[in-house]
Amino acid sequence: MTSDQTRSPENYVFLRVPKLYANMDEATIGEWLIEEGDTVETGQMVVELVTDKATEQLPVETSGKILKILAPEKSVVPVGYILAVVGEASDQVPWDAVEKENRTIQERHLKEIATDISSESPSLSVIEPADEKKEEEKPKVKPRVAPAARVLAKKHGIDPLEVARTLGKHIIHRQDIEHFLQTRGKTGNAQSDENATEQEECIFIAGASGDIGSAIVKRMAKAGKHLILHAHSREDHLLELTNSIDSDKLRISKVRADLTVAEEVQAMFRIIDTVTDRLDVMIFCVGVLSQAPFLYTDVADWERGLRTNLTSAFLVCQAALERMVRQRKGKIILLGSDAADLGAVAHGAYAAAKAGLAGLMRTLAREFAMSGIEINMVSPGFIESTMTAQLHPTKRKQLLQQIPQRRFGTPAEVAEVVALFAEANLHYVTGQIIHVDGGMVMP
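Following my numbering, the numbering of the sequence shown begins with 1 at its first residue and continues without gaps.
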């Protein structure tokens, strides 16, 4: 990441909010890792920036003393805003000019937001200061509302416009809705609200209609949390599965999407946003095993295997992480395969995709560790399923000889390990793979 830092002739440096991606216009200040007066070295991480898509630590590009911090934690500031000044002596800095520049950047940002809002609807206009007597004459401007804030506002029957006007903001985040509820006394009894929040913890399971996916659904149902179950081509099986669960005491939602299509994944998560304001756990157990000797595998089959088993995970993880980053916590469990470690004759695309999935898991675990998100993998070996039930007895006997425990596992055994990673109190474990294979793979 390249930070936006400028050195003046007077030997001090401005630490500014950098533009991390194309459509980024602002960031929330997370934790300051230093204090005013501290001496920092070139490359030292000094502050955490939180956006709708990522959490990044910002380094300084020169050594010196932190003369002043201009943006407190939890404040929302636009790109280019001066966060801190690094230098040798405070009296060298024209502080009035610095504060004026920050005000100018902030005002320009608010005007751009107002322009964007007005352009969306010609009937809307920019809110201008008005006398108290003319309060009712203020034009109604549609605020920009973050997805999590929109869901929470809908849950409590709140108009985001009212929140925007009360707080004087054009952009509404979840914490703004929470603050509005607290000040208006609409949260009710604290104990009952806490219980309601606990009941609304949400687990999303992609590929819930498969053999292993179904076992995971049954195991996760014991937790009593809101389950959102995905299926694509086996909706009938998913319906049978949910009917077999005592759903009177359990909230279950169902969604359908082709996870290899980015637009369908985004649409699916927009639907999810309408039924929950949080995503605590995402379990990805999608996998399709195609068979063809390597020399007879054409490009279309190869790309289909990668798209189904790897690209789909990329798309779902990206959408899930956007939401988890905003809430500063979450768990992702990916279902891999021993084929990634051992190879699989005549299943090249599948083995390659699962190996890629393991690499993706480790990458995401490192990238989002500071965001309070744990990402792990469960890697099954040979599991009793509709597919293994079709094995010729001779082939089955040969496979059993490769397994130290001399048996196939069960979907329920895989589900138990998934439940371990999903455990709410398990936090100091990320980037790990547990093999459920009777001892076939021993790292």
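C-beta atoms are modelled at their ideal positions from N, C-alpha and C, and glycine is treated no differently.
Beta-bridge pairing of residue i - partner residues as DSSP gives them
{"i": "residue 56", "result": "49"}
{"i": "residue 380", "result": "436"}
{"i": "residue 374", "result": "331"}
{"i": "residue 12", "result": "87"}
{"i": "residue 284", "result": "206 and 334"}
{"i": "residue 253", "result": "228"}
{"i": "residue 95", "result": "In DSSP, residue 95 forms no bridge with anything."}
{"i": "residue 144", "result": "171"}
{"i": "residue 274", "result": "BP columns for residue 274 are empty, so no partner."}
{"i": "residue 27", "result": "77"}
{"i": "residue 39", "result": "65"}
{"i": "residue 177", "result": "Beta-bridge pairing links residue 177 to no other residue."}
Own chain, CB closer than 6 Å to residue i, minus 5 neighbours either side, in chain order
{"i": "residue 197", "result": "Reliability of the predicted coordinates at residue 197 is poor, the pLDDT of 41 falling under 50, and no value is obtained from them."}
{"i": "residue 160", "result": "143, 145, 153 and 172"}
{"i": "residue 48", "result": "30, 31 and 57"}
{"i": "residue 202", "result": "226, 276, 278, 279 and 280"}
{"i": "residue 323", "result": "279"}
{"i": "residue 219", "result": "415 and 419"}
{"i": "residue 336", "result": "354, 357, 358, 377 and 379"}
Straight-line Cα distance separating residue j from residue i
{"i": "residue 59", "j": "residue 45", "result": "4 Å"}
{"i": "residue 226", "j": "residue 333", "result": "17 Å"}
{"i": "residue 239", "j": "residue 215", "result": "14 Å"}
{"i": "residue 25", "j": "residue 103", "result": "16 Å"}
{"i": "residue 355", "j": "residue 251", "result": "35 Å"}
{"i": "residue 111", "j": "residue 288", "result": "50 Å"}
{"i": "residue 368", "j": "residue 271", "result": "25 Å"}
{"i": "residue 280", "j": "residue 17", "result": "29 Å"}
{"i": "residue 163", "j": "residue 414", "result": "46 Å"}
{"i": "residue 319", "j": "residue 393", "result": "43 Å"}
{"i": "residue 43", "j": "residue 273", "result": "38 Å"}
{"i": "residue 435", "j": "residue 221", "result": "23 Å"}
{"i": "residue 141", "j": "residue 35", "result": "The predicted model places residue 141 with a pLDDT of 48, which falls under 50 and marks its position as unreliable; any figure quoted below should be read in that light. If I take the Cα positions, the gap works out to 39 Å."}
{"i": "residue 97", "j": "residue 72", "result": "19 Å"}
{"i": "residue 390", "j": "residue 157", "result": "53 Å"}
{"i": "residue 40", "j": "residue 105", "result": "26 Å"}
{"i": "residue 246", "j": "residue 437", "result": "31 Å"}
{"i": "residue 165", "j": "residue 107", "result": "17 Å"}
{"i": "residue 170", "j": "residue 228", "result": "32 Å"}
{"i": "residue 200", "j": "residue 74", "result": "25 Å"}
{"i": "residue 207", "j": "residue 286", "result": "5 Å"}
{"i": "residue 249", "j": "residue 183", "result": "33 Å"}
{"i": "residue 99", "j": "residue 235", "result": "58 Å"}
{"i": "residue 442", "j": "residue 223", "result": "31 Å"}
{"i": "residue 398", "j": "residue 174", "result": "56 Å"}
Residues of its chain near residue i, where Cβ-Cβ distance is below 8 Å and the 5 sequence neighbours each way are ignored
{"i": "residue 260", "result": "307, 308, 311, 312 and 315"}
{"i": "residue 167", "result": "176, 179 and 180"}
{"i": "residue 88", "result": "11, 12, 64 and 65"}
{"i": "residue 428", "result": "none"}
{"i": "residue 101", "result": "82"}
{"i": "residue 370", "result": "48, 55 and 57"}
Residue of the options minimising C-alpha distance to residue i
{"i": "residue 375", "options": "357, 381, 383 and 389", "result": "357"}
{"i": "residue 380", "options": "433, 27, 402 and 206", "result": "433"}
{"i": "residue 348", "options": "321, 329 and 290", "result": "290"}
{"i": "residue 109", "options": "76, 84 and 92", "result": "76"}
{"i": "residue 27", "options": "329, 71, 78 and 14", "result": "78"}
{"i": "residue 86", "options": "68, 97, 255 and 23", "result": "68"}
{"i": "residue 211", "options": "411, 431, 435 and 335", "result": "411"}
{"i": "residue 372", "options": "361, 378, 329 and 364", "result": "329"}
{"i": "residue 233", "options": "282, 209 and 37", "result": "209"}
{"i": "residue 321", "options": "337, 335, 361 and 336", "result": "361"}
{"i": "residue 301", "options": "353, 282 and 283", "result": "353"}
{"i": "residue 327", "options": "38, 80 and 149", "result": "149"}
{"i": "residue 267", "options": "440, 230 and 325", "result": "230"}
{"i": "residue 284", "options": "441, 401 and 205", "result": "205"}
{"i": "residue 33", "options": "399, 99 and 84", "result": "84"}
{"i": "residue 237", "options": "254, 224 and 223", "result": "254"}
{"i": "residue 14", "options": "241, 62, 256 and 441", "result": "62"}
{"i": "residue 269", "options": "317, 303, 398 and 223", "result": "317"}
Sequence-distant residues of its chain with Cβ nearer than 7 Å to residue i (five each side left out)
{"i": "residue 293", "result": "346"}
{"i": "residue 351", "result": "339, 340, 343 and 344"}
{"i": "residue 51", "result": "20, 24 and 27"}
{"i": "residue 258", "result": "232 and 264"}
{"i": "residue 366", "result": "431"}
{"i": "residue 213", "result": "205, 207 and 285"}
Residue i CB to nearest heavy atom of the ligand FMN below 7 Å
{"i": "residue 269", "result": "In terms of ligand content, the structure shown is empty, and the ligand FMN therefore cannot be addressed."}
Inter-stretch contact (C-beta, 8 Å, three-pair minimum) for the region 422-436 and the region 385-398: no
Cβ contact check for the region 294-302 and the region 259-273: 3 or more pairs under 8 Å: no
Three-pair Cβ contact test at 8 Å for the region 396-405 versus the region 91-101: no
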